[in-house]
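> Take this structure, written in structure tokens, and hold onto it; I'll ask about it next.
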Amino acid sequence: MRQEQSLRTKDGAEDVIRQYAAMVYRLAFARSGTKDDADEIFQEVFFRYLKNQPVFESEEHCKAWLIRVTINCSRKLWSSAWRVTFSPESQQSKD
């Protein structure tokens with residue numbers, strides 16, 4: 566129960582971000598391949614965490630949620646209309 570309560574406080578959220586920031590960023594970078602996209606994914610993941618304030622049964626559930634959201638955000642970025650229209654690959658083919 567203490568874990569559930571601590572995650573809902575500001576300090577608890579900061580602890581989660583501090584604890585999992587490196588993992589989320591590495592996964593975001595591995596999936597996106599660029600620093601800018603990894604930064605965008607990272608921000609979106611922790612924005613969703615702070616917005617939703619999910620309650621987890623354990624640290625492992627928190628970690629699994631962050632991994633799943635990171636993967637989903639990276640997929641969403643790659644399928645976005647902006648990415649499809651303005652990707653560096655599409656610009657190179659026009660030249």
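Residue numbering for the sequence shown follows the numbering used here, starting at 566 and increasing by one per position.
Yeah, the Cβ is synthetic: ideal placement off N, Cα and C, and Gly gets one too.
1) Does the distance from the CB of F611 to the CB of I636 come in under 8 Å?
2) Taking the beta carbon of A629 as the centre, do at least 16 other beta carbons fall within 10 Å, making it buried, or is it exposed?
3) I need the boundaries of the alpha helix (DSSP H) containing S639, first residue and last residue.
4) Check each candidate in E605, K616 and C627 and name the one with the smallest Cα separation from S645.
5) Is it true that the segment 617-626 meets the segment 588-603, where meeting means three or more beta-carbon pairs spaced less than 8 Å apart?
6) So, with DSSP's three-state summary, where would you put V620?
7) Classify G598 as helix, strand or coil using the three-state DSSP reduction.
8) Give me the residue from A593, Y585 and C627 with the minimum Cα distance to C638.
9) Taking a contact to mean a Cβ-Cβ separation below 8 Å, would you say Y585 touches L631 in this structure?
10) Determine the closest residue to W643 out of A578, D576 and A603, with distance taken between C-alpha atoms.
Taking the definition as stated:
1) Contact flag unset, no.
2) That one is exposed.
3) Secondary structure note for S639: its alpha helix (DSSP H) is the uninterrupted segment E624 to S644.
4) For S645, the nearest C-alpha among the options comes from E605.
5) As far as the Cβ criterion goes, the segment 617-626 does not touch the segment 588-603, which means the pair count is below three.
6) Under the three-state reduction of DSSP output, V620 falls in the coil class, being neither helix nor strand.
7) Three-state result, G598: coil.
8) For the options A593, Y585 and C627, the alpha carbon positioned closest to that of C638 is the one of A593.
9) Yes, the pair counts as a contact, with Cβ atoms nearer than the cut-off.
10) Between W643 and the set A578, D576 and A603, the nearest pair of CA atoms involves A603.
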